[in-house]
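Asker:
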Amino acid sequence: MNKIKSEQKDINKQIEFLVEKIFINIPIDIEITINMIYQGQQEILLELIIKRLLKNKKSADTLDGFIFQKLLNSNIIATKNKLNKYFPDGVARLKKSLHINYQPLQKLLMNQNFQEADRLTNKYLCQLVEIKTKNSKKWLYFTDIQFLPLEDLFTLDLLWKIYSRGKFGFSIQKQIWTKNNKNWDKLWEKIGWTYNGTMKRYPKEFEWTLNAPEGHLPLSNQLRGTKTLLYLFNYIK
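Letter by letter, the sequence shown follows residues 1 to 237 in the UniProt record's numbering.
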């Protein structure tokens with residue numbers, strides 16, 4: 001009995017720690033803790049994100065996305081019903097000031113449908129430029145980057161990070177590029193876009209799961225060179 005009380009006390013302390021903390025990615029020790037709690041006390045995890053996002057009104061981060069996705073796959077009906085009641089559209093609150101409704105993207109990402117999410121992300125980027133320039137777009141040139149509203153670009157990037165445990169997103173790719181002295185060949189290698197120095201073929205040679213290398217998604221078309229991605233990296237915060 002004392003052992004059970006001690007274990008519960010430890011869990012409560014860990015939960016208290018998680019309530020206020022901001023997560024850019026999910027450290028392995030936190031992942032182990034969440035997985036352990038998930039096995040026996042899913043209600044605690046649900047209450048944790050309710051407290052973080054609804055009571056404390058924090059902005060969703062990778063921890064919330066990680067917990068939400070685990071609970072989404074719960075086989076406990078009461079847990080799933082309560083999750084759907086409080087977070088019917090996911091954990092990210094989308095601002096009304098955005099130029100596009102990104103809820104379809106959030107739905108794809110929270111269900112880990114990364115290939116469709118990648119296609120939709122490219123479509124949204126083109127639409128954002130179209131809104132500003134009134135010109136139809138199927139892909140972006142470097143001269144188009146200046147027309148992307150920063151708030152929308154931030155939201156797209158954030159959604160990818162929230163639902164990938166902080167592995168995917170334009171800003172993640174930029175970090176890897178910067179850490180490798182802005183060397184494009186090293187970036188392609190690190191994020192898994194090349195094999196033996198040759199660009200992989202879309203879509204079958206790319207990975208569409210969380211097992212992909214860090215920064216693997218979203219994709220950018222490199223057939224037209226690196227200039228567009230360079231401008232995007234310089235533009236994004």
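Note that beta-carbon positions come from the ideal geometry of N, C-alpha and C, so glycine has one too.
1) In angstroms, rounded to a whole number, what distance separates the CA positions of L83 and L210?
2) In the DSSP assignment, the alpha helix (DSSP H) including Y202 goes from what residue to what residue?
3) Could you give the DSSP three-state label for Y102: helix, strand or coil?
4) Quick check: what's the CA-CA separation for K96 versus E31?
5) If I measure Cβ to Cβ from D152 and keep anything under 7 Å in the same chain, skipping five residues before and after, which residues do I get?
6) Assign T33 to one of three DSSP states: helix, strand, or coil.
7) Under 8 Å, with one C-beta from each stretch per pair, do the segment 163 to 178 and the segment 59 to 70 reach the 3-pair mark?
8) Taking the beta carbon of L150 as the centre, do at least 16 other beta carbons fall within 10 Å, making it buried, or is it exposed?
9) Give me the Cα-Cα distance between F206 and W193, rounded to the nearest whole angstrom.
10) Tell me the rounded alpha-carbon separation between L53 and T133.
11) Report the start-end ranges of each beta strand (DSSP E) in the segment 45 to 124 that is 3 residues or longer and not cut off at the edges.
12) Please report how far the alpha carbon of Y141 lies from the alpha carbon of G225, in whole angstroms.
13) What are the boundary residues of the alpha helix (DSSP H) that Q175 is part of?
14) Using a Cβ-Cβ cutoff of less than 7 Å, which residues in the same chain neighbour N180 once the five nearest sequence positions on both sides are dropped?
15) So the candidates are P27, L232, I28 and T33; which of them puts its Cα closest to the Cα of T16?
16) Under the three-state reduction of DSSP, which class applies to Y195: helix, strand or coil?
17) Quick check on M110: buried or exposed, where buried means 16 or more other Cβ atoms within 10 Å of its Cβ?
18) By how many angstroms is the C-alpha of T178 removed from the C-alpha of G90?
19) DSSP state of Y141, grouped into three classes?
20) Excluding the five sequence neighbours on either side, which residues of its own chain have a C-beta within less than 6 Å of the C-beta of L219, listed in chain order?
21) P213 to Q173, Cα distance in whole Å?
22) With distance defined between alpha-carbon atoms, name the residue in L230, N221, G65 and V19 nearest to L108.
Answerer: Reading from the atomic positions:
1) 23 Å
2) Note, Y202: premise wrong, no alpha helix (DSSP H); not H, not E.
3) coil
4) 33 Å
5) L98, H99, I100 and L128
6) helix
7) yes
8) exposed
9) 7 Å
10) 36 Å
11) none
12) 10 Å
13) F170 to K179
14) K186, L187 and K190
15) The question names Thr, but residue 16 in the sequence shown is Glu. Nearest C-alpha to E16: T33.
16) strand
17) buried
18) 31 Å
19) coil
20) D118
21) 11 Å
22) G65
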